[in-house]
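Enquirer:
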Amino acid sequence: MNAVHVQSYWPQGTVYGALLNFKREWEVWAPRMNEAPYKGGPKAPVLFIKTANTFSPSGGAIALPSGVQEVDIGANLAWVMGEDAQPVACVLMNDVSIPHESYYRPPVKYKCIDGFLGVGSKALEIQNLNSDAMVLRVSVNGVLVQRVDYAQTVRKSRALLQDIATFMTFQAGDVLMLGSDCLPGGNRPRAKRGDRVEISAPGFENLANVFAGDGA
Amino acid sequence: MKHARIAWAGAIHEAVESEGELLLTRSPWAGKRLKFDEVVWLPPLAPTPQARTILALGLNYADHAKELAFKAPEEPLVFVKGEASLIGHKALTKRPEGVTYMHYECELAVVIGRTAKNVKKENAYDHVAGYTVANDYAIRDYLENWYRPNLKVKNRDTCTPIGPWRVDAQDIHAQFGSPMNLALQTIVNGKITQSGHTRDMIFDVPTLIEYFSQFMTLQPGDLILTGTPDGVVDCQVGDQIVTEIQGLGALINTLA
Numbered sequence: 003m004n005a006v007h008v009q010s011y012w013p014q015g016t017v018y019g020a021l022l023n024f025k026r027e028w029e030v031w032a033p034r035m036n037e038a039p040y041k042g043g044p045k046a047p048v049l050f051i052k053t054a055n056t057f058s059p060s061g062g063a064i065a066l067p068s069g070v071q072e073v074d075i076g077a078n079l080a081w082v083m084g085e086d087a088q089p090v091a092c093v094l095m096n097d098v099s100i101p102h103e104s105y106y107r108p109p110v111k112y113k114c115i116d117g118f119l120g121v122g123s124k125a126l127e128i129q130n131l132n133s134d135a136m137v138l139r140v141s142v143n144g145v146l147v148q149r150v151d152y153a154q155t156v157r158k159s160r161a162l163l164q165d166i167a168t169f170m171t172f173q174a175g176d177v178l179m180l181g182s183d184c185l186p187g188g189n190r191p192r193a194k195r196g197d198r199v200e201i202s203a204p205g206f207e208n209l210a211n212v213f214a215g216d217g218a
Numbered sequence: 473m474k475h476a477r478i479a480w481a482g483a484i485h486e487a488v489e490s491e492g493e494l495l496l497t498r499s500p501w502a503g504k505r506l507k508f509d510e511v512v513w514l515p516p517l518a519p520t521p522q523a524r525t526i527l528a529l530g531l532n533y534a535d536h537a538k539e540l541a542f543k544a545p546e547e548p549l550v551f552v553k554g555e556a557s558l559i560g561h562k563a564l565t566k567r568p569e570g571v572t573y574m575h576y577e578c579e580l581a582v583v584i585g586r587t588a589k590n591v592k593k594e595n596a597y598d599h600v601a602g603y604t605v606a607n608d609y610a611i612r613d614y615l616e617n618w619y620r621p622n623l624k625v626k627n628r629d630t631c632t633p634i635g636p637w638r639v640d641a642q643d644i645h646a647q648f649g650s651p652m653n654l655a656l657q658t659i660v661n662g663k664i665t666q667s668g669h670t671r672d673m674i675f676d677v678p679t680l681i682e683y684f685s686q687f688m689t690l691q692p693g694d695l696i697l698t699g700t701p702d703g704v705v706d707c708q709v710g711d712q713i714v715t716e717i718q719g720l721g722a723l724i725n726t727l728a
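So the sequence lines, in the order shown, correspond to chains A and B. Letter by letter, the first sequence follows residues 3 to 218 in this note's numbering. Letter by letter, the second sequence follows residues 473 to 728 in this note's numbering.
#1: Mind checking if A:R107 is an interface residue toward chain B, Cβ cutoff 8 Å exclusive?
#2: Which bits of chain A does B:M673 rub up against, with CB to CB less than 7 Å?
#3: Using DSSP with H/G/I as helix, E/B as strand and the rest coil, what is A:V8?
#4: Compare the C-beta of B:G492 with all C-beta atoms of chain A and state if any pair is closer than 8 Å.
#5: Quick one: what does DSSP say B:N744 is sitting in, helix, strand or coil?
#6: So, helix, strand or coil for B:F687, using DSSP?
#7: Compare the C-beta of A:V48 against all C-beta atoms of chain B and say whether one is closer than 8 Å.
#8: Could you give the uninterrupted runs of the alpha helix (DSSP H) lying entirely in the region 485-561 of chain B, keeping only those of 4 residues or more?
#9: Are the C-beta of B:M688 and some C-beta of chain A separated by less than 8 Å?
#10: Touching or not, the region 705-723 of chain B and the region 533-553 of chain B, by the rule of three or more beta carbon pairs under 8 Å?
#11: Comparing C-alpha positions only, which one of B:F551, B:K474 and B:E579 sits nearest to B:G668?
#12: Is A:I102 helix, strand or coil by DSSP?
#13: Which residue comes first and which comes last in the alpha helix (DSSP H) that contains B:R638?
#14: Mind checking if B:G554 is an interface residue toward chain A, Cβ cutoff 8 Å exclusive?
#15: So, helix, strand or coil for B:D598, using DSSP?
#16: The beta strand (DSSP E) that contains B:K663, what's its start and end?
#17: So which residues on chain A does B:D629 lean against when the C-beta distance must stay under 9 Å?
#18: Residues of chain A with CB closer than 8 Å to the CB of B:Y619, please, in chain order.
#19: From A:A46 to A:D74, what does the alpha carbon distance come to, in whole angstroms?
#20: What does the Cβ neighbour count give for A:K25, buried or exposed, with the cut at 16 atoms within 10 Å?
#21: Please return the same chain residues whose Cβ sits closer than 6 Å to the Cβ of A:E27, not counting the five positions on each side in sequence.
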């Protein structure tokens, strides 16, 4: 495989994300997993898709729809897939969501809103990175609000890929976000209008987005 | 006009239906006629510059919702599929070993033709390029109640045949008034197993376009699969499944 050198990254394929892939969120949810409507913990990876209308460049503003006061910040390390359905690069992403209490139905109206995926400006070759040891830092208006440690995932990156590959084949350019963690209470960090959110990790340029949008 | 995208003679071509044959429309083969069985049929969709958004509806026919023991939804139940799940007409879909319930879902698929943002129902058809048939297979063995229907059920390789044709919206509107006036059916090994009508959708095509375009901008080439009526049955390896919609054609698929 040739090394990939990407000056300026933009997703070329479908962007997938994994829910409940951090131990903390899993443990927060565990007492509810056997209740209705879930009736049992998830066996396969819980996945979702961020549609192309969500892609926002780093440095760009992300608009909150009217009526939405704040959004969840979903700091992710993401894998960019190559020709043979194996990761070739890593990029930072912010999987923005309208906070939702239920994981029963697909989260399209919470996650597929225009602009709701912050995309890091550069992808780094995967050879130089250990995804399962990566630590992301999330700050809002310059204040550190979260540390996302990929040593704390439920499925390590290779296991996640392997479990997904049992039923679908990643195409070149597709993206797999490896998961976003919650805070100790179970919520994710939040952003409101006017907030500047930055996600940083060693070796990466910061992924920065300001949250905007007209009125409440 | 009915548009197809085919592989033939070592390359991919655009074609249209003409007197029961395929007529190639572009250089160097413009004017060349081919029989339907001389080509490999691909999804009848031009490539898109960014990932194609494929929205699919669950429980969008009252009878099917009842069949699955759900009450009809108050807002569209929608999930998203990746483009890699699509395959063309006359293709093979894999039925995994050991599963007990894999069923077809015959669905009207809407192909967006013009960027759609905050579109009102009354203008929705201005944003539609055409219609095609999709067979949105599901394997119920893999259903889980987390972001249900989950991707292991609905985003499987080979499990979304689509085609054969992309039929211009204006042709359907001229002939049938709207896409809400089409009979649809599924035939398994020659026997009709599913029979319905697009007028029985809970959320019709203009309502869906209005609903989605309120929060997500749809681009040309994006798809909305509008759900299936009742009459789904388990199918086995070797079965031939024909999903057919009035005015759009018959999409043939075989389980392998």
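The beta-carbon is built from N, C-alpha and C at its ideal position, and this holds for glycine as well.
Expert: Once the coordinates are examined:
#1: Taking the first residue of the first sequence as position 1, residue 107 of chain A is located at position 105. Contact with chain B is found for A:R107, since one of that chain's Cβ atoms lies less than 8 Å from the residue's Cβ.
#2: Taking the second sequence and counting its residues from 1, the one referred to as residue 673 of chain B is at position 201. Within 7 Å Cβ-Cβ: nothing; B:M673 doesn't reach chain A, min ~18 Å.
#3: Taking the first residue of the first sequence as position 1, residue 8 of chain A is located at position 6. Residue placement at A:V8 is flagged as unreliable, the pLDDT there being 40, under the threshold of 50; a coordinate-derived value is accordingly withheld.
#4: Counting from one through the second sequence, the residue named residue 492 of chain B turns up at place 20. The beta carbon of B:G492 sits no closer than 8 Å to any beta carbon of chain A.
#5: Given that chain B is displayed from residue 473 to residue 728, the structure contains no residue 744 of chain B and the question cannot be resolved.
#6: On the second sequence, residue 687 of chain B is found 215 positions in, with the first residue counted as 1. Three-state result, B:F687: helix.
#7: Translated into positions along the first sequence, residue 48 of chain A becomes position 46. Taking Cβ atoms only, chain B reaches closer than 8 Å to A:V48, which makes this a yes.
#8: DSSP runs (the alpha helix (DSSP H)) wholly in the region 485-561 of chain B: 534-539.
#9: As a first step, residue 688 of chain B is located in the second sequence; it is residue number 216 there, counting from the start. Using a Cβ-Cβ cut-off of 8 Å, B:M688 counts as an interface residue toward chain A, since at least one Cβ of chain A sits closer than that to its own.
#10: No, because fewer than three Cβ pairs between the region 705-723 of chain B and the region 533-553 of chain B fall closer than 8 Å, the two stretches do not touch.
#11: Residue mapping note: residue 668 of chain B aligns to position 196 of the second sequence, counting from 1. Closest by alpha carbon: B:E579.
#12: Here residue 102 of chain A refers to the residue found at position 100 when the first sequence is read from its first residue. Note on identity: in this sequence residue 102 of chain A is His, with Ile being the wrong assignment. Correct three-state label for A:H102: coil.
#13: Taking the first residue of the second sequence as position 1, residue 638 of chain B is located at position 166. Where B:R638 is concerned, there is no enclosing alpha helix (DSSP H), although the beta strand (DSSP E) it sits in stretches over T632 to D640.
#14: For the purposes of this step, residue 554 of chain B is taken as the residue at position 82 of the second sequence. It does: the Cβ of B:G554 has a partner Cβ on chain A nearer than 8 Å.
#15: For the purposes of this step, residue 598 of chain B is identified with residue 126 of the second sequence, where counting begins at 1. Collapsing the DSSP output to three states places B:D598 in a helix.
#16: Taking the first residue of the second sequence as position 1, residue 663 of chain B is located at position 191. K663 to H669 is the extent of the beta strand (DSSP E) around B:K663.
#17: Indexing the second sequence from 1 puts residue 629 of chain B at position 157. Listed along chain A are F169, M170 and T171, each with a C-beta nearer than 9 Å to that of B:D629.
#18: For the purposes of this step, residue 619 of chain B is identified with residue 147 of the second sequence, where counting begins at 1. L21, V48, L49, F50, Y105, Y106, R107, P108 and P109, listed in chain order.
#19: Residue numbering aside, residue 46 of chain A sits at position 44 when the first sequence is read from its first letter. Residue numbering aside, residue 74 of chain A sits at position 72 when the first sequence is read from its first letter. If you draw a straight line from the Cα of A:A46 to the Cα of A:D74, it comes to about 24 Å.
#20: Position 23 of the first sequence, counted from the first residue, corresponds to residue 25 of chain A. Flag for A:K25 reads exposed.
#21: Here residue 27 of chain A corresponds to residue number 25 of the first sequence, with the count starting at 1. For A:E27, where only same-chain residues beyond five positions count, the Cβ hits under 6 Å are C184.
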